[in-house]
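The working numbering puts the first residue of the sequence shown at 13, with every later residue one more than the last. Don't be surprised by glycine CBs; every beta carbon is placed ideally from N, CA and C. Owing to the predicted nature of the structure, the values given are computational and were not obtained by experimental measurement. See below for the structure under consideration.
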Amino acid sequence: MILFQNAKIFDGNKIISSDSVLVENNIIREIGKNIKANKIELKINVNKNFLMPGLIDAHFHANTPNYDFYSSDRYPKNYIAFHAQNILSDTLKRGFTTVRDAGGGDIGIKMALNERLFKGPRFFYPGKAITQTGGHGDMRNSEYLETCGCAYDGNITQVVDGEDDMRRVVREEFRKGANHIKLILTGGVSTNLAPIDMKHFSDAEIRVCVEEADRRNSYVMAHCHTDEGALRCVQLGIRSIEHGSLISSKTATKISKSGNFVVPTLSAGHLIEKNSKQLGLSNQSLQKVKEVNKKRSLAIQNCAKAKVKMGLGSDLHGREYLQSQSRELILRSEHQENIEVLRSATVVNSEILQMKDKIGVIKENAFADLIILNGDPLKNINVFNDTNKNVSFILKDGQIIKNLLT
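Spelled out as structure tokens, the structure:
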């Protein structure tokens, strides 16, 4: 057993009056004051620092080593796996004890993590993201000639056309253990694969995808930048709207009433604009990024005002750029109160992942995923600027990952 004492505790929703947490194996057993228990193996004096649930990144990419998406989608799988191991190990050390993959994550990574072949966060994956022919995610450019008429199938994305093919592919991803399904509904920002306002898939194709996810008591997350796309998500039953960069006030109200989630990804646009030359971005793509970045803030404000349930995701690619993963919290704090940002990264994300009361909370019988911060992010969220220094303790599934306190 591990006993945390003398802590300022944020339970995922609020600061609570208790100052101690008792962990047995991988479960939180008790929360209170002056906790007494037999066989306590380790007592940790938190010294009135900030004890909170482990962070959750709800839009994560384990299988993209860099921003060259065209190459990444065709790299050898073993090469991808080694990169994924490094990316996930680093992520856990930053205090993210859970991630939700947004395309490419598979059973192999999950098995390796479950068997503790390396240390990484809890991992929820969709298999390959689903796009249509000529959509965002179809990595063939216009000069690519396919004589066999085969559908595109890469490491991260796959092309699906038609209701029957959609049903088959979604069932196949669930057969291979997918936790959820990733569908691409609009064009992208950082590539020229498809115009950003291009509507992907027919309503019938989308309904089939949602229906098959419902059969598995699961859900669909959708790459979606436009307001029209977000409205389609609400109308067609897509539960998790990713990016939501152009959501209007009117649509935000409808999302809120539907109970759907939005996962903004500010870090991606911020990083791409700042590093456009290094990433080899075309002038056309850079202008598109700049235009969308200007409008993203308004979309978040619209969602916040409508009380939309907003999760938190970074949408970064590659080990180098994921070093700024925690910046997502800081960027979000420019539009929301710090406590709302922390809720997005913990309790809201746990609900999105269908893990309510199990992760993202400090609560009896929840999994023991905990971090300790040197500093109070409710007062100064910039503590996340340097997670190597300011995240002093990490417990994931009851296993100590980092301890700078003893």
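Name the DSSP beta bridge partners of residue i, please?
{"i": "residue 44", "result": "32"}
{"i": "residue 65", "result": "382"}
{"i": "residue 18", "result": "According to DSSP, which records beta bridges pairwise, residue 18 is partnered with nothing at all."}
{"i": "residue 254", "result": "235, 275"}
{"i": "residue 141", "result": "169"}
{"i": "residue 321", "result": "273"}
{"i": "residue 196", "result": "235"}
{"i": "residue 108", "result": "67"}
{"i": "residue 403", "result": "385"}
{"i": "residue 415", "result": "405"}
{"i": "residue 396", "result": "Residue 396 pairs with nothing; no bridge assigned."}
{"i": "residue 298", "result": "Paired residue(s): none; residue 298 is not in a bridge."}
Leaving out five residues before and five after residue i in sequence, what residues of the same chain have Cβ atoms less than 6 Å from its Cβ?
{"i": "residue 300", "result": "201"}
{"i": "residue 78", "result": "330"}
{"i": "residue 388", "result": "62"}
{"i": "residue 407", "result": "380, 382"}
{"i": "residue 54", "result": "14"}
{"i": "residue 186", "result": "228"}
{"i": "residue 298", "result": "288"}
Rounded to the nearest angstrom, what separates residue i and residue j at their Cα positions?
{"i": "residue 409", "j": "residue 210", "result": "42 Å"}
{"i": "residue 290", "j": "residue 66", "result": "32 Å"}
{"i": "residue 276", "j": "residue 139", "result": "21 Å"}
{"i": "residue 59", "j": "residue 354", "result": "21 Å"}
{"i": "residue 131", "j": "residue 331", "result": "15 Å"}
{"i": "residue 352", "j": "residue 178", "result": "37 Å"}
{"i": "residue 107", "j": "residue 74", "result": "16 Å"}
{"i": "residue 390", "j": "residue 18", "result": "18 Å"}
{"i": "residue 32", "j": "residue 113", "result": "33 Å"}
{"i": "residue 119", "j": "residue 228", "result": "17 Å"}
{"i": "residue 339", "j": "residue 397", "result": "6 Å"}
{"i": "residue 274", "j": "residue 316", "result": "10 Å"}
{"i": "residue 303", "j": "residue 214", "result": "27 Å"}
{"i": "residue 93", "j": "residue 128", "result": "15 Å"}
{"i": "residue 395", "j": "residue 384", "result": "11 Å"}
{"i": "residue 404", "j": "residue 125", "result": "23 Å"}
{"i": "residue 101", "j": "residue 133", "result": "8 Å"}
{"i": "residue 30", "j": "residue 42", "result": "10 Å"}
{"i": "residue 294", "j": "residue 80", "result": "12 Å"}
{"i": "residue 246", "j": "residue 71", "result": "19 Å"}
{"i": "residue 399", "j": "residue 415", "result": "13 Å"}
{"i": "residue 402", "j": "residue 417", "result": "11 Å"}
{"i": "residue 242", "j": "residue 263", "result": "7 Å"}
{"i": "residue 199", "j": "residue 212", "result": "8 Å"}
Thinking residue i and residue j are a contact (beta carbons under 8 Å), I'd like their distance in whole angstroms, please.
{"i": "residue 248", "j": "residue 222", "result": "6 Å"}
{"i": "residue 150", "j": "residue 205", "result": "6 Å"}
{"i": "residue 280", "j": "residue 252", "result": "Contact doesn't hold; Cβ gap of about 16 Å is too wide."}
{"i": "residue 244", "j": "residue 197", "result": "7 Å"}
Are residue i and residue j closer than 8 Å when you measure CB to CB?
{"i": "residue 110", "j": "residue 334", "result": "no"}
{"i": "residue 326", "j": "residue 69", "result": "yes"}
{"i": "residue 148", "j": "residue 203", "result": "yes"}
{"i": "residue 168", "j": "residue 115", "result": "yes"}
{"i": "residue 171", "j": "residue 143", "result": "yes"}
{"i": "residue 175", "j": "residue 216", "result": "yes"}
{"i": "residue 318", "j": "residue 265", "result": "yes"}
{"i": "residue 323", "j": "residue 364", "result": "yes"}
{"i": "residue 257", "j": "residue 307", "result": "yes"}
{"i": "residue 122", "j": "residue 413", "result": "no"}
{"i": "residue 237", "j": "residue 208", "result": "yes"}
{"i": "residue 21", "j": "residue 28", "result": "yes"}
{"i": "residue 135", "j": "residue 117", "result": "yes"}
Within a Cβ cutoff of 8 Å, which residues of the same chain sit near residue i, ignoring the five residues on either side of it in sequence?
{"i": "residue 287", "result": "333"}
{"i": "residue 369", "result": "362, 375, 377, 378"}
{"i": "residue 373", "result": "23, 24, 25, 65, 358, 359, 362"}
{"i": "residue 271", "result": "321"}
{"i": "residue 420", "result": "Past the edges of the chain, shown from 13 to 418, lies residue 420, and the structure says nothing about it."}
{"i": "residue 313", "result": "347"}
{"i": "residue 305", "result": "281, 282, 285"}
{"i": "residue 296", "result": "204"}
{"i": "residue 86", "result": "151, 166, 167"}
To which residues of the same chain is residue i closer than 7 Å at the C-beta, ignoring the five residues directly before and after it?
{"i": "residue 393", "result": "341, 342, 345, 350, 353"}
{"i": "residue 283", "result": "328, 333, 336"}
{"i": "residue 16", "result": "32, 33, 56, 58, 63"}
{"i": "residue 224", "result": "179, 182, 183"}
{"i": "residue 99", "result": "74, 331, 334"}
{"i": "residue 36", "result": "13"}
{"i": "residue 419", "result": "The requested residue 419 is not part of the displayed model; the chain covers only 13 to 418."}
{"i": "residue 44", "result": "30, 32"}
Hey, is residue i close to the ligand NAP, as in C-beta under 7 Å from one of its heavy atoms?
{"i": "residue 139", "result": "You won't find the ligand NAP in this model; it holds no ligand whatsoever."}
Between residue i and chain B, is the shortest Cβ-Cβ distance under 8 Å, so that the two count as touching?
{"i": "residue 416", "result": "Here there is only one protein chain, and chain B is not present."}
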